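Trainee:
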Amino acid sequence: MNKIIIYSTLVCPYCNAAKNLLKSKGLDYKEIRIDLDPDQRKIMLEKANRTSVPQIFINDHHVGGFDDLSALHRTGKLDELLIS
Numbered sequence: 718m719n720k721i722i723i724y725s726t727l728v729c730p731y732c733n734a735a736k737n738l739l740k741s742k743g744l745d746y747k748e749i750r751i752d753l754d755p756d757q758r759k760i761m762l763e764k765a766n767r768t769s770v771p772q773i774f775i776n777d778h779h780v781g782g783f784d785d786l787s788a789l790h791r792t793g794k795l796d797e798l799l800i801s
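According to my numbering, the stretch in the sequence shown is residues 718 to 801, in order.
(1) Measure the alpha-carbon distance for residue 734 versus residue 749 and round it to whole angstroms.
(2) Between the beta-carbon of residue 731 and the beta-carbon of residue 783, is there less than 7 Å?
(3) When the Cα atoms are used, what is the spatial distance from residue 758 to residue 799?
(4) How close, in whole Å, do the beta carbons of residue 766 and residue 744 come, if the pair is a contact with beta carbons under 8 Å?
(5) Here's a check: name, in chain order, each residue in its chain whose Cβ is nearer than 7 Å to the Cβ of residue 790, leaving out the five neighbours to either side.
(6) Nearest CA to the CA of residue 775: which residue from 755, 753, 792, 796?
(7) Taking the alpha-carbon of residue 726 as reference, which of 761, 740, 780, 792 has the nearest alpha-carbon?
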């Protein structure tokens, strides 16, 4: 089973788009709201070296943001990543 983590905030259209894309593929994910927990923001920055949201991780692999996730989906590489 894949472990998918999305760092997000409440008011983030790209976060919602990423979650919707994953839902459309029938994938479960853990959402970590960094607007509610400043410590999680620090953890996200350490792991991703980025401050923007969403930041998406699949099986501890940093995918990036929604644009990165969407590009993987369009090229079929998201499915490859989920299989590995």
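Glycine included, every Cβ here is placed at the ideal spot set by N, Cα and C.
Small disclaimer: the values here were computed from a predicted structure and weren't measured.
Mentor: Taking the structure as given:
(1) 15 Å
(2) yes
(3) 25 Å
(4) Incorrect: roughly 25 Å between the Cβ atoms, too far for contact.
(5) 738
(6) 796
(7) 761
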